[in-house]
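Since the structure comes first, as structure tokens, the remarks are kept for the end.
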Amino acid sequence: MTLLDPLANALSHMTNSERVGKKEVYIKPASKLIGEVLRVMQKNGYIGEFEFIDDGRAGIYRVQLGGKINRAGAIKPRFPVKAMEYEKWEKRFLPAFEFGILIVSTSQGVMTHKEAIEKGIGGRLIAYVY
Numbered sequence: 409m410t411l412l413d414p415l416a417n418a419l420s421h422m423t424n425s426e427r428v429g430k431k432e433v434y435i436k437p438a439s440k441l442i443g444e445v446l447r448v449m450q451k452n453g454y455i456g457e458f459e460f461i462d463d464g465r466a467g468i469y470r471v472q473l474g475g476k477i478n479r480a481g482a483i484k485p486r487f488p489v490k491a492m493e494y495e496k497w498e499k500r501f502l503p504a505f506e507f508g509i510l511i512v513s514t515s516q517g518v519m520t521h522k523e524a525i526e527k528g529i530g531g532r533l534i535a536y537v538y
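This is the structure:
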């Protein structure tokens, strides 16, 4: 069977593993987008260390979980967002103001919506984490 959305699969796999109390999760297939999302999550304290393992195919990410993810999911379709519209989307996807992050793909790379607001740039919403 074909995997339609690897990012959504990776985020739901991490959320489910957190709920059952696992400390480590393996995510496959690996991609650059998943790696960038993991980097943003690590920078914001939602996960611990992660590493890429080359298996001769697409690769695997080994992620150390920290027990801080309540919910994480991919946003489909990938809505385009202007620099001044983040508050509207924050209300839609996050449970409370300033609680959690929206992950945005911009022309300057993958970052949180807070960083994009500071830089004054728009992009496409790809995920949320809280």
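To convert a position in the sequence shown, counted from 1, into our numbering, add 408.
Quick reminder that beta carbons are idealized off the backbone N, C-alpha and C, glycines included.
- Per the DSSP secondary-structure output, S513 pairs in a beta bridge with V518 and R532.
- Residue range E432 to I435 is occupied by the beta strand (DSSP E) that includes Y434.
- With contact defined as three or more Cβ pairs closer than 8 Å, the segment 488 to 507 and the segment 419 to 433 are not in contact.
- Scanning the segment 445 to 504 for uninterrupted alpha helix (DSSP H) segments of 4 residues or longer gives 494 to 501, listed from N- to C-terminal end.
- Residues of the same chain with a CB within less than 6 Å of the CB of A466, apart from the 5 flanking positions on each side, are P437 and A438 in chain order.
- Restricting attention to L502, G530, K522 and I511, the CA atom closest to the CA of V445 is found in I511.
- Between I483 and V471 a beta carbon distance of about 20 Å is seen, past the 8 Å cut, so the two are scored as non-contacting.
- When the five nearest sequence neighbours on each side are left out, the beta carbons in the same chain lying within less than 6 Å of the beta carbon of K476 are those of Y454, in order along the chain.
- One alpha carbon belongs to K499, the other to G531, and they sit about 17 Å apart.
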